[in-house]
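Asks: From first to last, the protein sequence lines are chains A and B.
Following my numbering, the numbering of the first sequence begins with 1 at its first residue and continues without gaps.
Following my numbering, the numbering of the second sequence begins with 1001 at its first residue and continues without gaps.
All residues carry an ideal CB built from backbone N, CA and C; glycine is no exception.
As the structure is a prediction and not an experimental result, all values here were calculated from the model.
2 protein chains.
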Amino acid sequence: MLEGLGSPASPRAAASASVAGSSGPAACSPPSSSAPRSPESPAPRRGGVRASVPQKLAEMLSSQYGLIVFVAGLLLLLAWAVHAAGVSKSDLLCFLTALMLLQLLWMLWYVGRSSAHRRLFRLKDTHAGAGWLRGSITLFAVITVILGCLKIGYFIGFSECLSATEGVFPVTHSVHTLLQVYFLWGHAKDIIQSFKTLERFGVIHSVFTNLLLWANGVLNESKHQLNEHKERLITLGFGNITTVLDDHTPQCNCTPPTLCTAISHGIYYLYPFNIEYQILASTMLYVLWKNIGRKVDSHQHQKMQFKSDGVMVGAVLGLTVLAATIAVVVVYLIHIGRSKTKSESALIMFYLYAITLLMLMGAAGLAGIRIYRIDEKSLDESKNPARKLDSDLLVGTASGSWLISWGSILAILCAEGHPRYTWYNLPYSILAIVEKYIQNLFIFESIHREPEKLSEDIQTLRVVTVCNGNTMPLASSCPKSGGVARDVAPQGKDMPPAANGNVCMRESHDKEEEKQEESSWGGSPSPVRLPRFLQGNAKRKVLRNIAAFLFLCNISLWIPPAFGCRPEYDNGLEEIVFGFEPWIIVVNLAMPFSIFYRMHAAASLFEVYCKI
Amino acid sequence: MLEGLGSPASPRAAASASVAGSSGPAACSPPSSSAPRSPESPAPRRGGVRASVPQKLAEMLSSQYGLIVFVAGLLLLLAWAVHAAGVSKSDLLCFLTALMLLQLLWMLWYVGRSSAHRRLFRLKDTHAGAGWLRGSITLFAVITVILGCLKIGYFIGFSECLSATEGVFPVTHSVHTLLQVYFLWGHAKDIIQSFKTLERFGVIHSVFTNLLLWANGVLNESKHQLNEHKERLITLGFGNITTVLDDHTPQCNCTPPTLCTAISHGIYYLYPFNIEYQILASTMLYVLWKNIGRKVDSHQHQKMQFKSDGVMVGAVLGLTVLAATIAVVVVYLIHIGRSKTKSESALIMFYLYAITLLMLMGAAGLAGIRIYRIDEKSLDESKNPARKLDSDLLVGTASGSWLISWGSILAILCAEGHPRYTWYNLPYSILAIVEKYIQNLFIFESIHREPEKLSEDIQTLRVVTVCNGNTMPLASSCPKSGGVARDVAPQGKDMPPAANGNVCMRESHDKEEEKQEESSWGGSPSPVRLPRFLQGNAKRKVLRNIAAFLFLCNISLWIPPAFGCRPEYDNGLEEIVFGFEPWIIVVNLAMPFSIFYRMHAAASLFEVYCKI
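This is the structure we're talking about:
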């Protein structure tokens, strides 16, 4: 998705920018034979204090500042969560408000400065801030502003016994959200080349401010989910679990009462979108921070278009899954906690639904990887911060849900007694691990591929330039070309067979490796061909259907945990094995990452779909 | 230090290797105009199944496997820590033993294969596995084997009621330690080019096995520290804190009793070294994993030598600090917990000692940075996995201790009552944050500098090649060179003044930036010169003294927390504000990183010392 933070890597340049901005090099610039001199660290000047700090050092200066602020905020959140003596909610809200105001100041300065220097063309990273990504963050931001208004209403209702900060915070947060979205629309693609050290502090401050707002949203939402879970346990008569409600409701009456209860319930249905908005904003700002001072050359690269033709199968299947999911979640939320039998049937229903869905998704992912593996293309391994952050986030957030899955597996293996429904949890947890493993590989392979159309032109280009250069007709130099090249002649181009597929180009990099690892290339291995229906355009169609199907499935799997359908709580077996408190801590820590994984995977798959 | 995992980056090549190994490219290789084709992904082959997986994909395949195993192990550790029902210590030890045996198998296969193919020269990353690093890991490994023997003795003593795994585990662990150190001596520098996908799984398996052994060591040691802390609280009469001893001692008599008590105490004084060994081994193996399939060109680079002349001041000061630290720790451990007044005096003594030391270290770090900033040299920003891991570890582990420091600051600000000694904790915590911030910058700047001797040759080389190339005598092209260049003429070489310092080379990359950000270069700013005593060799001497002093101070600051001198526990204020359990969880999670930070910083400073 952050690759959506940047559209697919152009094969041309390590990093492409749409407009070269700054003036050319001076008359006599040193050929830095080794380390590429970053624009920020000019040729060494004798005696004079170096005007600006080298890029790497500035990165560390600002990243340490950001971490220190982040750690302080985390601790304040922890203190509030455990009802630490002397730490009230208004202390926490004051801290967050101060961070937001500081960021607002910086954004206003940045926007003002860049509009004042309109003529200084800004270098842009075309990989960053894809249109549809900015669209989705705007949608989440709108919901966040609505959440802010509800909170203001909540404050007005309980104004008798709430401190002023509980009113100031939602106002500041809404203003902050609006300006930040405006800022991201205008500057997410910027490659900042001036005032670099100061800008780094500003951008990293914004990254960690959003991360703290994300953690605050997650904490509020988890407390609410936990309270609901405890209430269910009380109705189900589980006496042995310490069910002290973690009560933060104000100690005074709210006027008008009906409105207050509606607001206090409504608030928690909007939190998932606010949580997504904050994490999306911090990842986009992180890419902006990584791009500061980056050296790019200018090249326009292939625009991604969203075409919806030819994906009937994938879309229909996906939409059916989406509908089924909504039905399952509604039934689950109605039944869970009403009575023991109803809870068990709700859990069994959920597990059966999830097992089927995960098997389908795993199969689709495997098929996609299989197609890629057979129809190999070189991977684009150029440097691309947005894409690197994408893969790291995919694997990192998946680890969060693996923690919960292993917890369930361990609980089932070690528990003495097993109520019937708990056995469904075993295949569900194993499939949850395997499906994410496969899906990450499929997404990773897709976002690292050179775009289909371009890659064929390049190969043709490569073949022509190399062989013409050394006046050695390709056919004679590659006796083995045979007929293999024919089948991939780019459509409509009348290319001599030998020239359109550089079959002969074999960088026999490591003879020893070839003998041990690979079937001997020389001895013309029985070529495993893509079946006819999977060649050329048909292959692309299958991959697009897979991407569309997986996209809709991930959206579907984002809905249950985001809206309170959490069998990890309701199952009860893990709480018995690990103990209530430890298991709740594990779930509260891991669940946000597991939820973000689904949204992040969906965004990445949307991009994969556009790219194929 | 991991840079010690690799000696300083040679300015010549992005990554240098001592011997080029594999055969040259084939007759007609495509000029990959864009993404550098990784050796693993050969030119696209039509039809035939791709023999090996592209490098990037193989990285994700193996890293996800490693994370899944790691997360499972973490959960087993958590289950044992919270006395989860049905999870016993032998389950945990079985899991760890199985991982070690699997790693042993892989290492034996690897060592066997590489000795069988002696003739196939192995590419070596000269940055990885510096000699002194392998020396220190061997020292820690020896202590780990001693710890293993003590555990075997402990098992024999309590054999009546201990399961067999408690005996098998220390035996396997000792064998694993011996073979792993042998493996690291022989292969830490390898750049694996064959069987890459299989090797990746083997190496990443080893990385996470060592990380799990590290987590196991940390857990055992924290439990012991916590028990001792609770015993002290009981003697001090703190009734309000839930002081159930987390008792894992076997329920049978040990024969001979005196030996058993000696062993059970001795074990916990060796754990800090075992913990260091495991984390060092996993970081060295991680560098080996990052180097798999990396493209390097061959170049021999400057060897680092350890010279101890001219660092009298730094060494003497450092050794005084070391002696003082040992005294403080001994007095602290004797007094703490004996009585209220004794505990308070021990805490005040520790805080005063730490405040003075941190101020000295902060000043030394600032001086070092100041010297670097004035006598600027370009930073070597070439790609170097060992060095990147170094900086990430420095900042990452520092965040652990920043969490504890912010906890103390918050507790002091929010607590109602403040016993006298708690006020010393405020400056101590603030200094702990600031000192690490400064020290990281000093280390970062040092390990990214081009080595002193080489960098002057390069500049001369750069200047000569560039200007001779375009037959434009330097002086005329750089009217501003003036006399500035003279003062840095490399010793002993009779170079024309203009040619020995490429003062004129000014990549006026961004005119607009120059006006806003930097004092105008053109208008010959008043050059801030290093004072005479800081020029040339004298500068190097001062930096070496700073590095030696900081090295010894970090070793000193590693000792107190590693051997049980933990005011974060004994202070008591944080426990009152946050609550006993939450604060203990924060300290148990953050303390291992804080301890590792000191050892990692000491190792990096040792390298900085050798490099200056």
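1. Over the uninterrupted alpha helix (DSSP H) stretch that includes B/THR1165, give me the two end residues.
2. What residue range is occupied by the uninterrupted alpha helix (DSSP H) comprising A/VAL87?
3. Looking only at C-alpha atoms, which of B/ASN1220, B/THR1261, B/TYR1269 sits nearest to B/PHE1140?
4. Using 8 Å as the limit for Cβ to Cβ distance, is A/ASN440 near chain B?
5. Name the one or two DSSP bridge partners that A/LYS124 has.
6. Buried or exposed for A/THR465, please, with buried defined as at least 16 other CB atoms from any protein chain shown within 10 angstroms of its CB.
7. Does the distance from the C-beta atom of A/GLU574 to that of A/SER345 stay below 8 Å?
8. Spatial neighbours of B/LEU1179 within its chain, please: CB distance less than 8 Å, with the 5 preceding and 5 following residues excluded, ordered by chain position.
9. Between A/SER556 and A/ALA327, what straight-line distance do the alpha-carbon atoms span, to the nearest angstrom?
10. Please list the residues of the region 1079-1109 of chain B that have a C-beta atom closer than 7 Å to any C-beta atom in chain A, keeping them in chain order.
11. Give me the subset of the region 388-414 of chain A whose CB atoms are less than 7 Å from a CB atom of chain B, sorted by chain position.
12. For B/ILE1371, decide whether its Cβ has a neighbour in chain A, counting only Cβ atoms nearer than 8 Å.
13. With distances taken Cα to Cα, identify the nearest neighbour of A/PRO250 among A/LEU57, A/SER163, A/ARG294, A/ILE146.
14. Look up A/ARG387 in the DSSP assignment and say whether it is helix, strand or coil.
15. Are the Cβ atoms of B/GLY1073 and A/CYS414 separated by less than 8 Å?
16. Given that A/HIS600 touches chain B, what residues does it touch there, using C-beta distances under 9 Å?
17. Name the chain B residues that come within less than 9 Å of A/SER63, Cβ to Cβ?
18. At a Cβ threshold of 8 Å, is A/VAL71 touching chain B?
19. Just checking, does the region 1429-1449 of chain B make contact with the region 1351-1365 of chain B on the three C-beta pairs under 8 Å criterion?
20. Straight-line CA distance for A/ILE447 to A/VAL587?
21. Excluding the five sequence neighbours on either side, which residues of its own chain have a C-beta within less than 8 Å of the C-beta of A/PRO621, listed in chain order?
22. When you compare each of A/LEU347, A/HIS83, A/TYR372 to A/TRP423 by their alpha carbons, which one comes out closest?
23. Does DSSP put B/VAL1142 in a helix, in a strand, or in coil?
24. Please identify the residue among A/VAL395, A/GLU416, A/LEU543 whose C-alpha is closest to the C-alpha of B/SER1063.
25. Return helix, strand or coil for B/ARG1294, following the three-state DSSP convention.
26. Quick one: Cα of B/ILE1143 to Cα of A/VAL69, how far?
27. Taking contact to mean at least 3 C-beta pairs separated by less than 8 Å, is the region 1561-1571 of chain B in contact with the region 1215-1232 of chain B?
28. Is there a C-beta anywhere in chain A that falls below 8 Å from the one on B/GLY1522?
29. Around the C-beta of B/GLU1160, are 16 or more other C-beta atoms found within 10 angstroms, so that it is buried, or is it exposed?
30. Taking three-plus beta-carbon pairs below 8 Å as touching, is the region 538-546 of chain A in contact with the region 595-603 of chain A?
31. Report the option in A/THR283, A/SER604, A/LYS342 whose CA atom is closest to the CA atom of A/THR235.
32. Using CA coordinates, which residue listed in A/ILE438, A/GLY564, A/CYS553 is at the minimum distance from B/TYR1065?
33. Which residues in chain A sit within 9 Å of B/LEU1333, going by Cβ to Cβ distance?
34. Just curious, the alpha helix (DSSP H) that B/HIS1229 is in, first and last residue?
35. Could you tell me whether any Cβ in chain B is nearer than 8 Å to the Cβ of A/GLU416?
36. Against chain A, with Cβ distances strictly below 8 Å, would B/VAL1218 count as a contact?
Replies: Answer, in terms of the structure:
1. 1165-1187
2. Segment: none, A/VAL87 is in no alpha helix (DSSP H) and carries neither H nor E.
3. B/TYR1269
4. yes
5. A/ASP190
6. Legend: pLDDT at A/THR465 = 35, less than 50; position of this residue unreliable, no value from coordinates given.
7. no
8. LEU1104, MET1107, LEU1108
9. 11 Å
10. ALA1079, VAL1082, ALA1084, ALA1085, GLY1086, VAL1087
11. SER391, VAL395, SER399, TRP402, LEU403, TRP406, GLY407, LEU410, CYS414
12. no
13. A/SER163
14. helix
15. no
16. None at all; the shortest Cβ gap to chain B is about 15 Å.
17. VAL1395
18. yes
19. yes
20. 31 Å
21. Residue numbering for chain A in the displayed model covers 1 to 612; residue 621 of chain A lies beyond these limits and cannot be assessed.
22. A/LEU347
23. helix
24. A/VAL395
25. coil
26. 39 Å
27. yes
28. Only weak support exists for where B/GLY1522 lies, its pLDDT of 35 falling under 50; the coordinates are left without a value.
29. exposed
30. no
31. A/LYS342
32. A/ILE438
33. Going along chain A, no residue has its Cβ under 9 Å from B/LEU1333, so there is no contact; the nearest lies around 28 Å.
34. 1196-1235
35. yes
36. no
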